[in-house]
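In this note's numbering, the protein residues as written are 1 to 305. Since the structure comes first, as structure tokens, the remarks are kept for the end.
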Ligand code: ASP
Ligand code: CP
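Okay, here's the thing in structure tokens:
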């Protein structure tokens, strides 16, 4: 495969290949002889124009576990700050012949734009509010380890969906897996285009989460808000925050997922920390294996093929 910019053009077979390979890497995590030569001699360039903790670290560890060299470009220490354009930056870095680029950008469409200036495959690590494909892949894989089939299951996406690239990456995959998707949040944080997404929209939390099998929670992504879209953070928490009591009363069987970072006391109550149904740290852990799978496949080095 070439670039990985969106989950929209992935087939169910693509998804299965990623999850099979991620499981393979998880099962061989102690077996460096099997994994450490897969990307030997390859150079991976991480270009992060926006902050990240888990995506950046897990991609770096994934690349190193597969034996690749990793180069870092971070905006704060770069010549972008001296007025160099993004295009000149990419043309400059091309001279070091990276085999793959991992790119995170605050503005939607940056990853597509960069495909014009480099021949190597680009993997999106989060592109404005457009897509975060590896997160969508790892989230669905994590859930499948707890709900062996997602077909017909009630999956709720709760919170700031409007600004969420993660939701936009999960929805195409969840739809292909046959989930019944409900979006819930304040009207101002539910995208108008949701009507085209094959989802049910229910702004009342009590109705949306009743009987849910899993709930993906999203933080208020203030860095992408251009105006005040909710009355206050306290009101958001009171009405749309998921607490232990709401979970217990409305959907005690529901698995709780969140891409992180969590703002405790806002989208999730403090009493949801350490909740037995929470898969949040498992998502982080599985992210490593999914990103190993993505790098191996993008570079044409899938050991299962
Ligand atoms: N970390 C995820 C992202 O970069 C989710 C978030 O920041 O809320 O999209
Ligand atoms: N989930 C996620 O993308 O986290 P970071 O922003 O910390 O990378």
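Backbone N, C-alpha and C fix where the C-beta goes; we use that ideal spot for every residue, glycine too.
| Item | Value |
| --- | --- |
| Validate contact between the region 49–66 and the region 285–299 using beta carbons, cut 8 Å, 3 pairs | yes |
| Integer Cβ distance of residue 192 from residue 152, believed to fall under 8 Å | That pair is no contact at about 27 Å. |
| Bridge partners - residue 127, DSSP secondary structure assignment | 105 and 131 |
| Neighbour-count burial assignment, residue 46, 16 or more Cβ in a 10 Å radius | buried |
| contact_flag[the region 196–211, the region 152–169] where n(CB pairs < 8 Å) is 3 or more | yes |
| Distance cut-off 7 Å: residue 40 Cβ against heavy atoms of the ligand ASP | no |
| Lining residues of the ligand CP - beta-carbon closer than 5 Å to any non-hydrogen atom, in sequence order | 52, 53, 54, 55, 259 and 260 |
| Where residue 159 sits in the DSSP three-state scheme | strand |
| Buried versus exposed call for residue 30 [16 or more other C-beta atoms within 10 Å across all chains shown] | exposed |
| Meets three-Cβ-pair contact criterion under 8 Å: the region 163–178 and the region 118–135 | yes |
| Those residues which DSSP pairs with residue 43 across a bridge | 69 |
| Residue 255 - partner residues in DSSP beta bridges | 214 |
| Alpha-carbon spacing of residue 204 relative to residue 11, whole angstroms | 33 Å |
| Residue 248 versus residue 285: straight-line alpha-carbon distance, rounded | 26 Å |
| Segments assigned beta strand (DSSP E), at least 3 residues, entirely inside the region 253–295 | 255–257 |
| Buried versus exposed, by CB contacts within 10 Å (16 or more), residue 18 | buried |
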